[in-house]
Each structure stands twice: as C-alpha cells, then as structure tokens.
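FYI, in mature numbering (1 follows the signal peptide of the UniProt record, and there is no 0) the residues of the sequence shown are -24 to -1, 1 to 417.
Have a look at the structure below before the remarks.
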Amino acid sequence: MMIEMKLKSLVVMAMMLMSSVVVRAQMDFPDADSKYATELLKPGTKAPDFHLKTAEGKNFRLSSLKGKIVVLDFWASWCPDCRKDAPNVVRMYREFKDKGVAFVGVSFDTDKASWTKAIAKYGMEYTAVSELKKWHDTKISKDYGVKWIPAMYIIGKDGNVVLGSVLSDKVEKTLTEMTAKKKTIPGTSERVTIEGAMGKLAAIIQKPVLSTGEKCPMVMILHGFMGNKGGQLNELIADSLQAHGIASVRFDFNGHGESEGDFSKMTVLNEIEDAKKVYDYVAALPYVDAVAVSGHSQGGVVASMLAGELGSKKIRAVALMAPAGVIREDAIRGSAFGKSCNPLDPPESVELFEGKKLGRDYIVTAFSLPIYETAAPYNGPALIVHGTGDRLAPYTYGERFHKLWKNSEYVLLDGFDHGFTQNLYRADALVSDFLIKTLCK
C-alpha cells in the first residue's frame, strides 16, 4: 500500500513538472544567440584581418575582399551541429554569391584529409581556410570570440561587423535585407483597444505606410497560453509582414498581458470569441482588403477553430505554429498544467505559477473541446509548422491538421521544440513567406 502511494506521488510530481514546462513553453523565448553568441564581436567592431592557407594551399587574406559583404562561417567536420547546418550554408552561398556576397569557411579541423573530405561532401564551393590547429589554440577563434560552433559573421563593405550569430537563418534574414534591390516598405505602429468577450483587449496594429485609398491585407497574430502580444516571434512576424506591405494586429487575450479579464475565467472558447471580436474590428478598417490568421500553441488551436467557424471567404489564409491539439487529451487524462485532477469533477481552480489560477471552466470545456471537428470546414490555404522535438504538443497534432486540410502545407523542423527556441528566425521566415506568397498574389 505504501509503495503504491509513493508511486502515485511520483507520477503526480512528474506530471506537475512536465505540465509546468508546457505552460512555460508557450510563453516568450529568447533566441540561441542570447546563450551562445555572447562573446562574438559586436556590430560596428572592425573585423580583424587574418592571413590563412586555403584547402588548396594558397594564401588568403580577409582584407582582399574589402568592398564586398563577407560571411565568415566557423565550423569543423567533427562538429555534429556544423554538419547539420552545412547544407543550409551552401544553399545560402548559392543564393547570395551573385549579389555581392563572398563566403569564407573557417574550419577548426586539425586533420586536412577530414577537412577536405567534408568540403567535397557538402559541395562547399566558396573559399575554405584553416589553421589546422585545435579550436581553442587558434588565433582566429580568440580574435573573433568564437566559443561555440557553428558561428557566423556578416562583415560589411566597410570591413566592420554587421552581425555575429550562431543562427544561419538569422544571418540569411540579414543578408536578404542588405541585398534587397527594393527597399522595404516603411510602416507605423498604433496601440488600440478592442472590445472583447470578457472586457477590453489591448492590441497593436502595425501596418505599412499607405497612400490615400490604398488597401492591404491584415494578419491576426494569436499568442499561446500565458503568452502575450509582445512575444519575440510575434514581433518578428509582424515586422516581416509590414516590410512586404501587409498589416498585422497583435493582441492580448482576456486575462493576459494588458487586456482586461480574470485569467481564471479564461477558456479556449472565450478566446475564440475574443478573436471574432478582433476579426470584426480589423475587417471593418477602411484600408483592409483581406484577413488571415496566425497562431502559436493554444493560439494555433484558436486560429484553427476560428477559421473553421468563419470559413475561407473571411479567413484568406491560416498559419499554425506548434498547434496544441493535445489540450483535449490532457483534460481527458486529468492533467491540468501541473496538477492531477478528476476530469469528471475538477476543482473550482487549479493554482499554476506566477500567482495564476486556472479556472474550472477551462478544464470542463477543454474536456469536450471539438478542435478538429470545428476546424474541419476551413478549405483555404494553410501552413502548419511543427518541430520533431516538441514534447509538449507532439508534432502528430500538427500532422492531423495537415491531413484535415487538403489545401495545406506541412513543415516539420528536425529537432525543434515547442517554442522553436532553436531558431525563431526560421519559424518567422516560414510563416511570413507563406503569408506573403498567399496574400500578395
């Protein structure tokens, strides 16, 4: 009996730990640079010149590329993350080589045969150099503050650092902006208040500068459980859309952020009502000619159900990021964000963290929440982005949306977790590119 009680206690503790991670994983995330790029040279710093041998045995100086944009890629053939990133770097080289960008691969290999074999394997057609010394013994690693690989730099035409990052997608985004023939569209940002289902909703409308009578599409960006409109991924998407002539609205659901409402009274159903109120508001704006919706985690569930209820005539496109279709199954199992409860008779409230309490209505409505059934009628363009490393809302839940919506695209990111913490810029690029392609036809 005692053993059985201890086992039950351990199970409950494990569920509490995992579920608390679920909640936190739907909040805001710093990107990997905040941890791994802290010692890289800062923008504006003069890039140290270096003189190294190429794989062919020729002499190479960085200063020989003065007047060009230069990308330095620090890597090694023995580095698993470098090998994983290599195809992406090669793709970037082919994309930008005719746009005044030179790539230089700086290897920390000690064995020349292994180095040159990797160059051939990945088709690295750009300049490759190495000291052929152990990583931390190399002068260049010290000069450039490289404590983690892969790491990349963009050096401007003036020889100064533009960006140092461990994220190749972030480098690609910056290169795209630097080499764009067409200037990005300037925009404005405005704080507005929208009447929601449970009180006033705080929102930010970001839009391109429009001439008199000009119209543009509008994208509703929905945050996840315990998130808010100021999440970094939401802001990245809004900025990318605005640069291509698309407006967006980010808002806090009831009981979240700066919006009114009691968090303990929040449910997925009244979040859908919030979203409908926001839809009505933006659809009535004189400059809006189409509305689309994007959502992460629980916001993805709300976005899918909103699209199913309003239909493709009103919702022109849908982008779901790690949609938390697991909500219903969690409720049926009696798992309430870190607490175990009787799903048939849940308590009046469940205390979470940061002083938040989850109300009984949330659990009761989640128990029978018709997520996929409600989303099913939507037949417009859709994108679902999910990570294979998502242990909070496994990628199979995103896959179900793809199977449900015949006109959808499904992108599975290898190793990415629920919050896309491996690279927020990759998630931004996928979602933004899809919406731009769909809405700017």
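By construction, the Cβ of each residue, glycine as well, lies at the ideal position given by its N, Cα and C atoms.
Spatial distance of residue i from residue j (CA atoms)
| i | j | result |
| --- | --- | --- |
| residue 226 | residue 22 | 38 Å |
| residue 291 | residue 182 | 19 Å |
| residue 251 | residue 96 | 52 Å |
| residue 406 | residue 94 | 29 Å |
| residue -3 | residue 121 | Interpretation of residue -3 is limited by its pLDDT of 43, a score under 50 that renders its predicted location unreliable; the figure taken from the coordinates is listed afterwards. Computed Cα separation, rounded: 35 Å. |
| residue 164 | residue 220 | 13 Å |
| residue 128 | residue 272 | 29 Å |
| residue 303 | residue 168 | 30 Å |
| residue 123 | residue 153 | 27 Å |
| residue 63 | residue 253 | 44 Å |
| residue 196 | residue 269 | 5 Å |
| residue 244 | residue 404 | 24 Å |
| residue 30 | residue 99 | 15 Å |
| residue 336 | residue 316 | 13 Å |
| residue 285 | residue 24 | 58 Å |
| residue 210 | residue 363 | 18 Å |
| residue 318 | residue 126 | 48 Å |
| residue 262 | residue 411 | 21 Å |
Secondary structure of residue i, DSSP reduced to three states
| i | result |
| --- | --- |
| residue 230 | coil |
| residue 396 | coil |
| residue 318 | coil |
| residue 241 | helix |
| residue 420 | No answer is possible for residue 420: the residues shown for the chain start at -24 and end at 417. |
| residue 271 | strand |
| residue 25 | coil |
| residue 117 | helix |
| residue 412 | helix |
| residue 129 | strand |
| residue 140 | strand |
| residue 385 | strand |
| residue 359 | strand |
| residue 9 | helix |
| residue 224 | strand |
| residue 369 | coil |
| residue 403 | helix |
| residue 265 | strand |
| residue 364 | coil |
| residue 150 | helix |
| residue 14 | coil |
Proximity test, Cβ basis, 8 Å: residue i and chain C
| i | result |
| --- | --- |
| residue 191 | Looking for chain C here will not work: only one protein chain is present. |
Cβ-Cβ separation, residue j to residue i (assumed contact under 8 Å), whole Å
| i | j | result |
| --- | --- | --- |
| residue 248 | residue 194 | Going by Cβ atoms, the distance from residue 248 to residue 194 rounds to 18 Å, so no, they are not a contact pair. |
| residue 77 | residue 17 | Contact doesn't hold; Cβ gap of about 19 Å is too wide. |
| residue 84 | residue 117 | 7 Å |
| residue 419 | residue 297 | Since the first residue shown for the chain is -24 and the last is 417, residue 419 is missing from the structure and cannot be characterised. |
The ligand HEM heavy atom lying under 7 Å from the CB of residue i
| i | result |
| --- | --- |
| residue 148 | Because no ligand of any kind appears in the structure shown, any question about the ligand HEM cannot be addressed here. |
Point to revise | Minimum length 4: unbroken alpha helix (DSSP H) runs contained in the region 38 to 90 | key: 56 to 72
Review point. Taking one C-beta from the region 121 to 139 and one from the region 204 to 215 each time, how about it: are there three or more such pairs within less than 8 Å?
Key: no
Review point. Is the region 185 to 202 close to the region 141 to 151, with three or more CB pairs under 8 Å?
Key: no
Review point. Which whole runs of the beta strand (DSSP E) in the region 158 to 204 are 3 residues long or more, in chain order?
Key: 163 to 171, 176 to 184 and 192 to 198
Review point. Three or more C-beta pairs closer than 8 Å, one from the region 357 to 366 and one from the region 280 to 300: is that the case here?
Key: yes
Practice item. Write down every uninterrupted run of the alpha helix (DSSP H) in the region 283 to 356 whose length is 4 residues or greater and which is fully enclosed by it, in chain order. Key: 303 to 309, 336 to 343 and 347 to 351
Review point. Are the region 329 to 348 and the region 385 to 399 in contact at 8 Å, needing three or more beta carbon pairs?
Key: no
Practice item. Evaluate the contact criterion for the region 231 to 239 versus the region 173 to 181: three or more CB pairs, one atom per stretch, below 8 Å. Key: yes
Check your understanding: Just checking, does the region 41 to 57 make contact with the region 7 to 16 on the three C-beta pairs under 8 Å criterion?
Key -> no
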